[in-house]
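Residue numbers (the numbering used here), protein chains in the order written: chain A, 1 to 280; chain B, 281 to 492. Beta carbons: idealized from backbone N, C-alpha and C, even for Gly. The structure appears right after this line, and notes come after that.
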C-alpha cells in the first residue's frame, strides 16, 4: 500500500462549494463548466465556503451565487462590482469573487468596470463572455461582432466591439487573463492564480451561448494557449492584447501594483440606526 | 435520428419548431467532435503506478462529476427519464473511482481529484461534453453519449498500451483498456434494448430561442 498522491488527496473538495440548487442554464451552455472551475479553484486554494463571497448582477451567468455554498449577493444589473467593492473594503478577510456576463459587465456596468480596475481592490472579476444577451433572448452586447446578423439586429449593428482586456489594462487591473469554458481544469488553474494575486484580477472566460450563438460551438476548435509568458510590463501586455484575435488563452498581464485597502475604522453607527434612515 | 451537429437556430434567429437536435453522434461511428482533444491520441507516459492510477482515478471521478451535472440539468428541464439514466451513470463512474482507491489502498482519500489535474487535451477522456446534450433527448441518445465517453477512455488506454514498454505499467494499461472495452460492450447491449427515438423527437413548438 502506498500513500495517495497529492492529486488524489484533498481536504476541501469542489463539491463542498456546490449548493443544492440545480443550474437552469440551457444544455450546452459554457457556464456549467465555469461553475465547476470556480468550485475547483476554491477547493484547490483550500478555502472554506464561509470565507468566500460571490457577488453578481443580472444575467444567465449572474445566477452563479445561488449555485455555490459561499456567501452570495445577487444584486442589480451592472452593479455587482460596486457592491463587491464595498464588501471587500468592509470585510477584507473574505475572498470576494464577482461573476457576470458581457452585457452586465461591459454595458450596464461598464463604468463600474473601469473604476474597479482603477481602484484595484483585492478581488477577482469573472466575466463569462458569450457576445450576446442570452437571458433576454439574444440582443447584441458590447462584444458582439458588428456583422452578426439576427432577427433582433438585422444586418448587424455595425458597431466596433468593446475590448474588455485592453480597457482593463488601461484602467489599472492588476491581473488579466483569458480562459475558455471548455477547458475547465485550465480555467480553474487560472482562477486560482487570479484569486491568489493581490489586487483586482480580471478573468474573461469565453463561454458559448449555444442557444442564441450556436456557431460558438466552434470556439473549441479555435482557442489556443497564448504563445507568450505572462508579463508584468504593461507596454508589452498592451501590444499583445491589442494584436491578439480574442482566442489566446492564458495569463496576459500580471502587475505588481499594491491593492487599495483603506484602514477600517470602528463603526460609528449601529446597523439598526442606519436602517432608521430608510424607514417608510 | 437527426445527427445534425448543430442546433439550427441560425444566427440568433427564430429557431422555430423544426428541431435540430444536439450534437449527438452515431455511437457506432468515430467520435463526432471535430478537433476533439480528448481522444487519447497521445497520452503522456506515467512515471509510476501511483501516477497512472491517480490519472485513472481523476478520469473516473471527473466523468462521474460531469454525469451528475448532466442529471441535474435534465431534472431542471423536466426530462426525468434521462436524468435518472445520467444519475445512474454517475453512480457507476463513482464506483469505478472508488474501486481504484481501494485497489491502491487509498480509500481514505477524498472522492475528488485535486486541481490542477491537467489532461493532454482540454478534458479527461471519459468526461462528457455539455454540447452533446439536448433538453428533449431520449435515453437512447444518453446512452450514445455514454458510449462515446467509454470509447474515448478505451482508446486512451489502448494508446498507452501501444506506447508503454513491457512491465507493470503496461500490464495495468492492458487491464484498464479491457475494462473500458467491456463497458463499451455493456452499453452497446443497453442501447440495443433501448428504443430509438421517433423522427421529430427534437421538435419544440415553443423553443427557448424563439424570438418572433
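Item to complete: With DSSP collapsed to three states, give me the class of residue 361/A.
Response: Outside the displayed range of chain A (1 to 280) lies residue 361/A, so it cannot be described from this structure.
Worksheet item: Name the chain B residues that come within less than 8 Å of residue 178/A, Cβ to Cβ?
Response: By Cβ distance, chain B contributes nothing, its closest Cβ being about 15 Å from residue 178/A, past 8 Å.
Worksheet item: For chain A, is any of its Cβ atoms less than 8 Å away from the one on residue 400/B?
Response: no
Worksheet item: Could you give the residue range of the alpha helix (DSSP H) that holds residue 170/A?
Response: 164-171
Worksheet item: According to the Cβ coordinates, are residue 124/A and residue 140/A closer than 8 Å?
Response: no
Discussion item. The alpha helix (DSSP H) that contains residue 242/A, what's its start and end?
Written reply: 234-243
Practice prompt. Compare the C-beta of residue 347/B with all C-beta atoms of chain A and state if any pair is closer than 8 Å.
Written response: no
Fill in: Rounded separation between residue 83/A and residue 416/B - CA only
39 Å
Practice prompt. Taking only the alpha-carbon atoms, compute the straight-line gap between residue 411/B and residue 17/A and give it to the nearest angstrom.
Written response: 24 Å
Worksheet item: Apart from the five residues just before and just after residue 192/A, which ones in its own chain have a Cβ nearer than 7 Å to its Cβ?
Response: 41, 44 and 45
Item to complete: Could you pull the start and end residues of the beta strand (DSSP E) that residue 200/A belongs to?
Response: 200-206
Practice prompt. Provide the residue span of the alpha helix (DSSP H) that contains residue 17/A, from first to last.
Written response: Looking at the DSSP string, residue 17/A is not in any alpha helix (DSSP H), and its letter there is neither H nor E.
Discussion item. If I measure Cβ to Cβ from residue 36/A and keep anything under 6 Å in the same chain, skipping five residues before and after, which residues do I get?
Written reply: 184
Worksheet item: In or out: residue 269/A buried (at least 16 other Cβ within 10 Å) or exposed?
Response: exposed
Worksheet item: For the stretch 93-120 of chain A, which residues have a beta carbon sitting closer than 9 Å to at least one beta carbon of chain B?
Response: none
Worksheet item: In chain order, what residues of the same chain lie with their CB nearer than 7 Å to the CB of residue 19/A, ignoring the 5 residues before and after it?
Response: 66, 67, 68 and 69
Practice prompt. Let me know if residue 243/A comes out buried or exposed under the rule of 16 or more other beta-carbons within 10 Å of its beta-carbon.
Written response: exposed
Item to complete: Could you tell me the boundaries of the beta strand (DSSP E) in which residue 55/A lies?
Response: 52-56
Worksheet item: Does the beta-carbon distance from residue 454/B to residue 434/B come in below 8 Å?
Response: no
Worksheet item: Any beta-carbon of chain A closer than 8 Å to the one on residue 356/B?
Response: yes
Fill in: Straight-line Cα distance separating residue 472/B from residue 478/B
15 Å
Worksheet item: At a Cβ threshold of 8 Å, is residue 421/B touching chain A?
Response: no
Fill in: Short Cβ contact (8 Å threshold) for residue 404/B with residue 342/B
yes
Worksheet item: Any beta-carbon of chain B closer than 8 Å to the one on residue 210/A?
Response: yes
Worksheet entry | Neighbourhood of residue 76/A by C-beta, 8 Å cutoff - its chain only, sequence neighbours within 5 removed | 57 and 58
Worksheet item: When you compare each of 325/B, 398/B, 427/B and 480/B to residue 466/B by their alpha carbons, which one comes out closest?
Response: 427/B
Worksheet item: Would a check of beta-carbon distances place residue 413/B closer than 8 Å to chain A?
Response: yes
Fill in: Where residue 93/A sits in the DSSP three-state scheme
coil
Worksheet item: Between residue 61/A and residue 31/A, is the Cβ-Cβ spacing less than 8 Å?
Response: yes
Worksheet item: Can the beta-carbon of residue 155/A be found closer than 8 Å to that of residue 127/A?
Response: no
Practice prompt. Say whether chain A places a C-beta atom closer than 8 Å to the C-beta of residue 376/B.
Written response: no
Discussion item. Under DSSP, the alpha helix (DSSP H) around residue 113/A begins and ends at which residues?
Written reply: 110-119
Fill in: residue 251/A: first and last residue of the uninterrupted alpha helix (DSSP H) it sits in
From DSSP, residue 251/A is part of no alpha helix (DSSP H) but of the beta strand (DSSP E) over 248-254.
Fill in: Cross-chain neighbours of residue 160/A in chain B, by beta carbon under 7 Å
Near residue 160/A there are no residues of chain B at all, since even the closest Cβ is about 19 Å away, more than 7 Å.
Worksheet item: Taking just the CA atoms, how far does residue 114/A sit from residue 259/A?
Response: 15 Å
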